[in-house]
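Please read the structure below before turning to the comments.
Residue numbers (the working numbering): 174 to 368.
Laid out in structure tokens, this is it:
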């Protein structure tokens, strides 16, 4: 057995030396420098996906409300959450259009939701069918109309300028009564989708 009482020498506390600490910090700095860009890309991809999912959910709710209420339900871009304004779909208002004029605030109209579907560097644009009057609406039969009442197809593109063009866009597509989302090859400038 050892007798610790008779032991000689330095019995100081164990720990890191200054050199070891500086080397550990340098390794951590290099690792963070390499990981930060891919982490930012991950965040941008998640924002695109979340915004596309929010648009799909809004379209599905509008369809359900139109059938349930037996009235026309409209989605349109908005800057204030109470009226239809502009062509920027990052914020939209969903309302029951009782008087069928395409604008909220009429007799019997009811705003159902005010939706903000984007954050940080996203562009949300409508295809030519949608942008003809910046309205998407569902009739009581649950069928979609885009812009013109005779048009039953359209797309909304969710695009991030922070991602490479090959993976920066999701398209929310709607046709007759079907709503879907698909990955699309975008452009660096996030241009509007085709019909």
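Beta carbons: idealized from backbone N, C-alpha and C, even for Gly.
Because the structure is a prediction, the values reported are computed rather than measured.
Asked                                                                                                                                       : Found
Around the Cβ of residue 309, are there at least 16 other Cβ atoms within 10 angstroms (buried) or fewer (exposed)?                         : buried
Tell me whether the beta-carbon of residue 266 lies closer than 7 Å to the beta-carbon of residue 283.                                      : no
Between residue 355 and residue 344, what straight-line distance do the alpha-carbon atoms span, to the nearest angstrom?                   : 5 Å
Quick check: residue 307 and residue 249, are their CB atoms within less than 7 Å of each other?                                            : yes
If residue 305 sits next to residue 368, beta carbons under 8 Å apart, how far is it from one beta carbon to the other, in whole angstroms? : The Cβ separation is near 10 Å, so there is no contact.
Quick one: grab the DSSP three-state call for residue 289.                                                                                  : strand
Which residue marks the beginning of the beta strand (DSSP E) containing residue 348, and which one marks its end?                          : 342-348
Please classify residue 277 as buried or exposed, where buried requires at least 16 neighbouring CB atoms within 10 angstroms.              : buried
Classify residue 321 as helix, strand or coil using the three-state DSSP reduction.                                                         : strand
Consult DSSP for residue 255 and reduce its assignment to one of helix, strand or coil.                                                     : coil
Please state the DSSP three-state secondary structure of residue 333.                                                                       : strand
Run the CB neighbour count on residue 281, radius 10 Å, all protein chains shown included, and call it buried at 16 or more, exposed below. : exposed
Start and end of the alpha helix (DSSP H) containing residue 236?                                                                           : 191-242
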